Amino acid sequence: LFQEVLEISREVDGNEDSNTLVSMSNLGSLHQKMGNHDLALPLFEEALDTQRQTMGNESPDTLRTMSNLSTLHLRTEDFGKALPLAMDALATRRRVLGKDHVD
Numbered sequence: 001l002f003q004e005v006l007e008i009s010r011e012v013d014g015n016e017d018s019n020t021l022v023s024m025s026n027l028g029s030l031h032q033k034m035g036n037h038d039l040a041l042p043l044f045e046e047a048l049d050t051q052r053q054t055m056g057n058e059s060p061d062t063l064r065t066m067s068n069l070s071t072l073h074l075r076t077e078d079f080g081k082a083l084p085l086a087m088d089a090l091a092t093r094r095r096v097l098g099k100d101h102v103d
C-alpha cells in the first residue's frame, strides 16, 4: 500500500513535491521496521537529498528524514554515518524548533 501511495504521488504531484517525499520517507520507515534495510536506504537517501534541495535543511520534514536515516545507519552499525547525521539533525532541530518542541 505504501508503495502504491508513493507511485501515485510521484505521478500526480511529481518527485519533488513534499507529499511525495513524505511518502518516500514513510515507505523507508516501513522497510526499516521490517528489517529490509537495503530497501530503506535508497528511499531515505533520495528523500533527504531532494528535501534538502527543495525545502532546505531546516524543514521539519527534512529533519525527520535525517533522523530516520541516522536510525537506519545505527541499526546497520554504520556508526560513522549515524552519529554525524544524528548530531546535525538534533542541533538543527533545537536551533529551529526549540529544545522543548515535541518533534
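So the sequence shown is numbered by the UniProt record's numbering: it starts at 1 and just counts up by one.
The C-beta atom is built at its ideal place from N, Cα and C for all residues, glycine as well.
Remember, it's a predicted structure, so these values are computed and weren't measured experimentally.
Reduced DSSP category for residue i - H, G, I as helix; E, B as strand; rest coil
i: Glu16; result: coil
i: Gly28; result: helix
i: Leu21; result: helix
i: Leu1; result: coil
Member of the options whose CA lies at the smallest distance from the CA of residue i
i: Arg93; options: Leu63, Leu83, Thr71 and Lys81; result: Leu63
i: Ser25; options: Asp13, Val12, Glu11 and Asp49; result: Asp49
i: Glu16; options: Ala82, Asp61, Leu72 and Thr54; result: Thr54
i: Pro42; options: Leu27, Lys33 and Arg52; result: Leu27
Cβ neighbours of residue i in the same chain (closer than 8 Å, five flanking residues each side left out)
i: Ala89; result: Leu63, Met66, Ser67 and Ser70
Cβ-based neighbour list, residue i, same chain, cut-off 6 Å, excluding 5 preceding and 5 following
i: Ala86; result: Ser70
Entirely within the region 31-91 and at least 4 residues each: give me those alpha helix (DSSP H) ranges in chain order. With a minimum length of 4 residues, the continuous alpha helix (DSSP H) runs that stay inside the region 31-91 are 37-54 and 60-75.
Is there contact here, the region 34-50 with the region 62-82, by at least three beta-carbon pairs under 8 Å? Because the criterion of three Cβ pairs below 8 Å is met, the region 34-50 and the region 62-82 touch.
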